[in-house]
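In terms of this note's numbering, the sequence shown opens at residue 56 and continues consecutively.
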Amino acid sequence: IDPVVGNTLKTLGVGTRDHQWPVDKSDVVFGLPALQHGCHVQITEGVFSTMSMKYEILHSWPEHEIVAVGLLGKVCSDKQLKKILDSNPASVEVCLDPDAFKHGMLLAKRVSKHVQNVYIRRLTEGDPNDYLVRKIKLPTPERYDTSYELKYKMRMFV
56 IDPVVGNTLK
66 TLGVGTRDHQ
76 WPVDKSDVVF
86 GLPALQHGCH
96 VQITEGVFST
106 MSMKYEILHS
116 WPEHEIVAVG
126 LLGKVCSDKQ
136 LKKILDSNPA
146 SVEVCLDPDA
156 FKHGMLLAKR
166 VSKHVQNVYI
176 RRLTEGDPND
186 YLVRKIKLPT
196 PERYDTSYEL
206 KYKMRMFV
């Protein structure tokens, strides 16, 4: 990932060694082609987190149509969200790294305006790949709604 000078936009060098062109990462959703209409979606940050969640899904819930996708960062652009929501997901689970929990809350709030069943999985021991490598059970996702948001805000002040 190469930062563009004077701008917060990040680009991905795509192409061969001799011919590369920039792609705005806010246009990219890793794993997007696997999304099918009405499936359950898990949103992660990075490529390895996405692959770890796919591994977890295959071994823990093989009977479910769950697809993990990655944002390539902790912030979900409007373009990325539209691409995910275009699959009309039955449910969405937000599973970002511990340092991005606030961004996960904001994303869950945005998604909840379009999808009825939204969940958030609060990671405390690292990213999904850390859980897989260290053989730690992932925390259970909690349903996101206004009471969850209030409970989270109350915890911040205690």
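For glycine and all other residues, C-beta sits at the position ideal for the given N, C-alpha and C.
Contact check, residue i vs residue j, beta carbons under 7 Å
{"i": "residue 169", "j": "residue 140", "result": "yes"}
{"i": "residue 129", "j": "residue 82", "result": "no"}
{"i": "residue 107", "j": "residue 172", "result": "no"}
{"i": "residue 176", "j": "residue 148", "result": "yes"}
Assigned exposure category for residue i - 16 Cβ within 10 Å defines buried
{"i": "residue 201", "result": "exposed"}
{"i": "residue 105", "result": "buried"}
{"i": "residue 144", "result": "buried"}
{"i": "residue 153", "result": "exposed"}
{"i": "residue 182", "result": "buried"}
{"i": "residue 102", "result": "exposed"}
{"i": "residue 179", "result": "exposed"}
{"i": "residue 210", "result": "exposed"}
{"i": "residue 97", "result": "buried"}
{"i": "residue 162", "result": "buried"}
{"i": "residue 195", "result": "exposed"}
{"i": "residue 109", "result": "buried"}
{"i": "residue 7", "result": "Given that the chain is displayed from residue 56 to residue 213, the structure contains no residue 7 and the question cannot be resolved."}
Residues bridged to residue i [DSSP beta-bridge criterion]
{"i": "residue 85", "result": "125"}
{"i": "residue 111", "result": "Residue 111 is not bridged to any residue."}
{"i": "residue 198", "result": "174"}
Whole-number beta carbon distance between residue j and residue i, since they are thought to touch under 8 Å
{"i": "residue 94", "j": "residue 142", "result": "6 Å"}
{"i": "residue 204", "j": "residue 164", "result": "7 Å"}
Check your understanding: So, do the segment 81 to 90 and the segment 122 to 133 have three or more beta carbon pairs nearer to each other than 8 Å?
Key -> The segment 81 to 90 is in contact with the segment 122 to 133.
Point to revise | At least three beta-carbon pairs within less than 8 Å, the segment 183 to 198 to the segment 157 to 167 | key: In short, these stretches do not touch, since the Cβ pair count stays below three.
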